[in-house]
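>
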Amino acid sequence: MDWLTTLITNPDSIAHILMVYAIVIALGMGLGHIKVFGVSLGVTFVLFVGLALNYFGFQVNATVLNFIRDFGLILFVFFIGLQVGPSFFSSFKSGGIVLNSLAVLAVVLSVVITIVLYFIFSDTLSLAQMLGIHYGAVTNTPGLGATQEALAQMNYTGENIAVAYACAYPLGVVSIIGTAILLRLIFRIDLAEEDQHWDDDEKKNNKAPIYFHVTVANHALDGRSIRDIRQFIGRPFICSRILHNGEIRSPAPGALVYHLDKLRIVAEEDHKDAIVAFFGEEDKEIDLATESSPLTSRRIVVTRPEINGMAIADLHLSTFDGVNITRVYRAGMQLFPYQNLHLQMGDQVFCVGPANALLRMEGRLGNQVKRLEHPNLVTIFLGIALGIIFGSIPIAIPGMPVPLKLGLAGGPLIIAILLGRFGPLAHLVTYTTSSANLMLRELGIALFLASVGLAAGKSFVDAIINGNGPLYMALGLVVTIVPILVVGIIARKVFNINYHSIVGLLAGSTTNPPTLAYAGTLSEKNSSAVAYSTVYPLSMFLRILSGQLVLLIMLPFISG
Numbered sequence: 176m177d178w179l180t181t182l183i184t185n186p187d188s189i190a191h192i193l194m195v196y197a198i199v200i201a202l203g204m205g206l207g208h209i210k211v212f213g214v215s216l217g218v219t220f221v222l223f224v225g226l227a228l229n230y231f232g233f234q235v236n237a238t239v240l241n242f243i244r245d246f247g248l249i250l251f252v253f254f255i256g257l258q259v260g261p262s263f264f265s266s267f268k269s270g271g272i273v274l275n276s277l278a279v280l281a282v283v284l285s286v287v288i289t290i291v292l293y294f295i296f297s298d299t300l301s302l303a304q305m306l307g308i309h310y311g312a313v314t315n316t317p318g319l320g321a322t323q324e325a326l327a328q329m330n331y332t333g334e335n336i337a338v339a340y341a342c343a344y345p346l347g348v349v350s351i352i353g354t355a356i357l358l359r360l361i362f363r364i365d366l367a368e369e370d371q372h373w374d375d376d377e378k379k380n381n382k383a384p385i386y387f388h389v390t391v392a393n394h395a396l397d398g399r400s401i402r403d404i405r406q407f408i409g410r411p412f413i414c415s416r417i418l419h420n421g422e423i424r425s426p427a428p429g430a431l432v433y434h435l436d437k438l439r440i441v442a443e444e445d446h447k448d449a450i451v452a453f454f455g456e457e458d459k460e461i462d463l464a465t466e467s468s469p470l471t472s473r474r475i476v477v478t479r480p481e482i483n484g485m486a487i488a489d490l491h492l493s494t495f496d497g498v499n500i501t502r503v504y505r506a507g508m509q510l511f512p513y514q515n516l517h518l519q520m521g522d523q524v525f526c527v528g529p530a531n532a533l534l535r536m537e538g539r540l541g542n543q544v545k546r547l548e549h550p551n552l553v554t555i556f557l558g559i560a561l562g563i564i565f566g567s568i569p570i571a572i573p574g575m576p577v578p579l580k581l582g583l584a585g586g587p588l589i590i591a592i593l594l595g596r597f598g599p600l601a602h603l604v605t606y607t608t609s610s611a612n613l614m615l616r617e618l619g620i621a622l623f624l625a626s627v628g629l630a631a632g633k634s635f636v637d638a639i640i641n642g643n644g645p646l647y648m649a650l651g652l653v654v655t656i657v658p659i660l661v662v663g664i665i666a667r668k669v670f671n672i673n674y675h676s677i678v679g680l681l682a683g684s685t686t687n688p689p690t691l692a693y694a695g696t697l698s699e700k701n702s703s704a705v706a707y708s709t710v711y712p713l714s715m716f717l718r719i720l721s722g723q724l725v726l727l728i729m730l731p732f733i734s735g
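Going by my numbering, the residue at position 125 of the sequence shown is 300; the numbering climbs one at a time, nothing skipped.
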């Protein structure tokens, strides 16, 4: 039975390490599905199983544990970045300033409360210990590491602040989720209504194209080409169908229109009035898409790598015998097909034209969905490498004892967002299926939480039984709950922000992936992930900076 003893007790054995992680994640995910008063912790329960198993003697080689923890976190944030990248910048324009302002308020409030609590309990706790509580309460591991590094340079010899962090962290995770649930009860949130409001806001912010019909009543347009008319109006539009002398056709840009022709127009809603006025009048009785005609419409999925990053103008639609692209669907958004719009793998292109011409267009774009089931690992690991490099760049700030870094979470997230948005311009295939993205995110956060639990179980229990653990936990609850509760109430009461976005805001401002994972169980929309990624980079930077800044300003108060 020596083999069994070795398997169970040898922390350096690869088999032992894999077995422990498998048990922790399997038990954690299983127990996480149990609902208490209608609420389940989901993947977050993996953390508590890891704490329990570590306390009862299960250990993992520290070097391997640190690697798995950091790699899991990188996987989680990187695939979040790829998912929200296409809509990140548009969401930032529409609501990012407000969201980031609220995130800054959450950071400032948590720091102020931490300092106030330190002065109240200065006879019991050192400032360093209070900062450990602070970073556990806001669940920010990179900030903890930066503060530990700063303390080392200051020759700090007191209690390891990771103990206070370990005591505050589990309740920090739970209380952030609990605060989100409390806000839901306070404002009597209906999740289905919030989803609908999110869809309505997305349509408004992304200016989804609409269709309408016009009659050419303006005699000045008689015999003019669609290309010339588009230049005259100065508004982008697509003419997908023309009814002329009882015949419906799909016109090329050079096609001519005549008096009393009827046109089906696709344009952004803001341009509708000007286009209708220029043509003469709107026809609300006819629908050329349902009239008997030789034209058909079809959604074609971009699956050919050669098309990735290509502008619509480069497709040369005039060679496809009357095919018009009227809409492009991407990451839940509906886009107007501007000539300079760059197509991406996975885009769904809505085309109108003769059946034979659409078959040619289908061959050009690919429309072989099975190709999308194979993620491009080159782009993924290239992005992770660039993210690690970017997160490791030291940012020197005058007066700071150590340079700041975005770390292994902030760097990959920012690079993933940029790849998701701009990667196709460099012909990098960044598309992954929703199921693959979700699986890798779940795997990453599960590995991260299991690692945190397996590293802190014994110190966590020891601090609770024999040390200041209960005090750490109580103060951590104050640091966690008060700032995000205030920010959540302001977000809803003053700015009427969507509840799912508020949960993403709370998760992002505390740089807390488990809360984002919980948010994912509330809605199939990516509203929480968009809000999370909108505020995460600035929040991460401020969280890392704040601990070092407090140490610099309050250096005389550090004990130990």
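We put the CB at the ideal spot given by N, CA and C, even for glycine.
1. If the criterion is Cβ atoms closer than 8 Å, does the pair S684 and A694 meet it?
2. Run through the DSSP bridge pairs and tell me what F387 is partnered with.
3. Which residue or residues does DSSP assign as beta-bridge partners of N515?
4. Starting from E523, follow the beta strand (DSSP E) in both directions and report where the run begins and ends.
5. Beta-carbon separation of G347 and T655 under 8 Å?
6. Which residue spans inside the region 570-608 form an unbroken alpha helix (DSSP H) run of at least 4?
7. Specify the secondary structure class of G484 as computed by DSSP and reduced to three states.
8. Nearest to Q519 by alpha carbon, out of G541, I482, E537, A237?
9. Counting only the same chain and skipping the five closest in sequence on each side, list residues whose C-beta sits under 6 Å from that of L164.
10. Would V389 and V441 be called neighbours here (beta carbons separated by less than 8 Å)?
11. Give me, in chain order, the residues of the same chain whose beta-carbon lies closer than 6 Å to that of I672; leave out the 5 immediate sequence neighbours on both sides.
12. Evaluate the contact criterion for the region 703-719 versus the region 274-282: three or more CB pairs, one atom per stretch, below 8 Å.
13. Should S721 be labelled buried (16 or more other beta-carbon atoms within 10 Å of its own) or exposed?
14. Since T139 is in the beta strand (DSSP E), which residue starts that stretch and which ends it?
15. Quick check: what's the CA-CA separation for D365 versus I356?
16. In the DSSP output, what is Q509 paired with across the bridge?
17. Determine whether the beta carbon atoms of G663 and L358 lie at a separation below 8 Å.
18. Which two residues bound the contiguous alpha helix (DSSP H) that contains L418?
19. Give me the Cα-Cα distance between H372 and D445, rounded to the nearest whole angstrom.
20. Would you call the region 641-652 and the region 330-348 in contact, with 3 or more CB pairs under 8 Å?
21. Whether or not the region 471-489 and the region 532-545 are in contact is what I'm after, with contact meaning three or more pairs of Cβ atoms, one per stretch, closer than 8 Å; do they touch?
22. I need the DSSP call for R535, collapsed to helix, strand or coil.
23. For G333, does the three-state DSSP call read helix, strand or coil?
24. Taking just the CA atoms, how far does A560 sit from F253?
25. Return the first residue and the last residue of the beta strand (DSSP E) that R546 is part of.
26. By the three-class DSSP mapping on this structure, what secondary structure does N499 have?
27. In angstroms, rounded to a whole number, what distance separates the CA positions of I385 and N236?
28. CB G484 to CB H434, shorter than 8 Å?
29. Can you tell me where the beta strand (DSSP E) with G455 in it begins and where it stops?
30. How many angstroms separate the CA atom of Y310 from the CA atom of V553?
31. What number of angstroms, rounded off, separates the C-alpha of P587 from the C-alpha of I288?
32. Name, in chain order, the residues that DSSP records as bridge partners for S400.
33. Using CA coordinates, which residue listed in D489, I417, A449 is at the minimum distance from L470?
34. Rounded to whole angstroms, what is the Cα-Cα separation between F407 and T501?
35. Along the chain, where does the beta strand (DSSP E) that runs through I461 open and close?
36. Can the beta-carbon of Y674 be found closer than 8 Å to that of L691?
By the coordinates alone:
1. no
2. I440
3. According to DSSP, N515 bridges with nothing at all.
4. First, the residue type needs correcting, since residue 523 is Gln and not Glu in the sequence shown. Residues 523-529.
5. yes
6. 582-597
7. coil
8. I482
9. Because the chain is modelled from 176 through 735, residue 164 falls outside the range shown and cannot be assessed.
10. no
11. A666
12. yes
13. buried
14. Missing from the structure shown is residue 139; the chain here goes from 176 to 735 and no further.
15. 12 Å
16. Y504
17. yes
18. Where L418 is concerned, there is no enclosing alpha helix (DSSP H), although the beta strand (DSSP E) it sits in stretches over 413-419.
19. 20 Å
20. yes
21. yes
22. helix
23. coil
24. 11 Å
25. Neither: R546 is in no beta strand (DSSP E) and is coded neither H nor E.
26. strand
27. 59 Å
28. no
29. 455-457
30. 35 Å
31. 30 Å
32. L431
33. I417
34. 20 Å
35. Unbroken run through I461: none, as it is neither H nor E.
36. no
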